[in-house]
Amino acid sequence: MAQTYDVSRFLREVQALLWQAGLEPRHTPNQPKPDVAASMLLRAYGITPVINQVDALAHAMDNPWHEQDERHSSI
Amino acid sequence: MELVHSGKVRDVYADGDDLILVASDRVSVYDVVLPTEIPDKGKILTQLSLWWFEQLADVFPNHVISATDVPAEWAGRAIRCRRLEMLPVEWIARGYLAGLGLKEYEKHGTVSGVQLPPGLVEGSKLPEPIFTPTTKATAGHDEFITYEDVIEQIGTETAERLREVTLEIYRRGAAIAAERGIIIADTKLEFGRAPDGTLMLADELLTPDSSRFWPANNWEPGRPQHALDKQFVRDWSSTITDWDRTPPGPPIPPDVVEATRARYIQVYEALTGKCWRS
Chain A
-5 MAQTYDVSRF LREVQALLWQ AGLEPRHTPN QPKPDVAASM LLRAYGITPV
45 INQVDALAHA MDNPWHEQDE RHSSI
Chain B
11 MELVHSGKVR DVYADGDDLI LVASDRVSVY DVVLPTEIPD KGKILTQLSL
61 WWFEQLADVF PNHVISATDV PAEWAGRAIR CRRLEMLPVE WIARGYLAGL
111 GLKEYEKHGT VSGVQLPPGL VEGSKLPEPI FTPTTKATAG HDEFITYEDV
161 IEQIGTETAE RLREVTLEIY RRGAAIAAER GIIIADTKLE FGRAPDGTLM
211 LADELLTPDS SRFWPANNWE PGRPQHALDK QFVRDWSSTI TDWDRTPPGP
261 PIPPDVVEAT RARYIQVYEA LTGKCWRS
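Line by line, the protein sequences give chains A and B.
Residue numbers for the first sequence follow our numbering, so the first one is -5 and each next one is one higher.
Residue numbers for the second sequence follow our numbering, so the first one is 11 and each next one is one higher.
Okay, here's the thing in structure tokens:
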């Protein structure tokens, strides 16, 4: 059975850890995106990055894709 | 049966090892669910998604277990699905320039790292469909990532395979729709992995909620294109000057409800070649 771990959960946990250490994690431009970096770190440990299916469905259901794409294009 | 998520227009239930996706007749505009439903919308979109899954079953396996083994009150608008672990990428294919793709092209001449020829405008058909993935982690916005980022996240073999599958599904779907007077400008797919490791298509397939559908006879590059499904609701809502586009939304007038329902049926019948029976 493959080892898997939820990327969103992992990101939340890393952020919390950094806050606990007195740091202020933020998304910086021109750096690897946090989700990509998180997936790379998990893979480096032999763990397959995944997303919880219900979370993924909830996200898709609450953000019809083209509406989300339109919204982001106006930001 | 446990309700695990109630979305704006669809709900998810857990039933043992399966999930049941239930589409409602609710409709949203500007992210606000309106108090008036569009009769049969949930059934039409569910049946359309099932039709596409069937049409494209030879391209890739999908998560559908049954469209009939669902509680009677959801008959026609629910799908029993396999539980999967989802890949952390949204798989997007674009055949036309719109939305975020247009914005990036206007800034950089690229979309998701893919260089495009100069001179394209809003709604232009691209020389060939392109793969423009975004992140899928639930924190923050989905953002364009490059194909190289996808490889870093899930490995070369899976990335290559699913990029090809995404483009093939788009090409096949767009070609079928084009024969029937509908442009599928782009689409978003989701893939997951079953417990035995099999990769599968998940969620919905080539519906107006996961794709941009434009009427081919009204297509004109250089301006925003009409959405085939919700244009009546959008046009009507844009005339409501005393609504600030926050909840609660205004009720939809009966003529707009009927016109929107008719448009959903028109899309279903045009694509499937079947007569809609509610």
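Beta carbons are placed, not taken as given, at the ideal position from N, Cα and C, and that holds for glycine.
Here DSSP, grouped into helix, strand and coil, assigns K18 (chain B) to coil. Less than 8 Å divides the Cβ of Y157 (chain B) from the Cβ of F141 (chain B). For P264 (chain B), the enclosing alpha helix (DSSP H) begins and ends at 264 to 282. Across the stretch 40 to 51 of chain A, CB contacts with chain B closer than 9 Å involve T42, P43, V44, I45, N46, Q47, V48, D49, A50, L51, in sequence order along the chain. Relative to the Cα of A184 (chain B), the nearest Cα in the group B:L215, B:A204, B:A169 belongs to B:L215.
Distance from V37 (chain B) to I48 (chain B) at the Cβ level is roughly 5 Å; contact confirmed, criterion being Cβ atoms closer than 8 Å.
Rounded to the nearest angstrom, the gap between the Cα atoms of R244 (chain B) and T270 (chain B) is 10 Å. In the three-state DSSP reduction, R37 (chain A) falls in the helix class (H, G or I).
With fewer than 16 other CB atoms across the displayed protein chains lying within 10 angstroms of its CB, E12 (chain B) is exposed. Runs of alpha helix (DSSP H) with 4 or more residues, each lying fully within the stretch 158 to 233 of chain B, are found at 166 to 189, listed in chain order. Contact of H118 (chain B) with chain A is not assigned, every C-beta pair being separated by 8 Å or more. By the C-beta criterion, the stretch 50 to 57 of chain B is judged not to be in contact with the stretch 189 to 197 of chain B, since fewer than 3 inter-stretch pairs fall below 8 Å. Between the stretch 217 to 233 of chain B and the stretch 129 to 141 of chain B there are three or more C-beta pairs closer than 8 Å, enough to call the two in contact. N24 (chain A) counts as exposed, since fewer than 16 other C-beta atoms from the protein chains shown sit within 10 angstroms of its C-beta.
Within the same chain, Cβ atoms closer than 6 Å to the Cβ of A77 (chain B) are found at L60, I89, the five residues on either side in sequence being excluded. DSSP places F141 (chain B) in the uninterrupted beta strand (DSSP E) bounded by 135 to 141. Annotation for R244 (chain B): the continuous alpha helix (DSSP H) segment containing it runs 241 to 248. Three or more beta-carbon pairs separated by less than 8 Å link the stretch 171 to 184 of chain B to the stretch 101 to 113 of chain B, which places the two stretches in contact.
Counting the other Cβ atoms within 10 Å of the Cβ of C285 (chain B) gives fewer than 16, which makes it exposed. Within the same chain, Cβ atoms closer than 6 Å to the Cβ of S221 (chain B) are found at I194, T197, the five residues on either side in sequence being excluded. By the criterion of a C-beta distance shorter than 8 Å, P127 (chain B) is surrounded in its chain by P137, once the five residues flanking it on both sides are discounted. Between F154 (chain B) and T168 (chain B), the gap from beta carbon to beta carbon reaches 8 Å or more. Residue nearest to K18 (chain B) within the set B:I275, B:L58, B:G259, B:Y274 is B:G259 (criterion: CA-CA distance). With the rule of 3 Cβ pairs closer than 8 Å, the stretch -5 to 10 of chain A counts as touching the stretch 40 to 53 of chain A. Counting C-beta pairs with one atom in each stretch, the stretch 58 to 74 of chain B and the stretch 90 to 97 of chain B have three or more that are closer than 8 Å, which means they touch.
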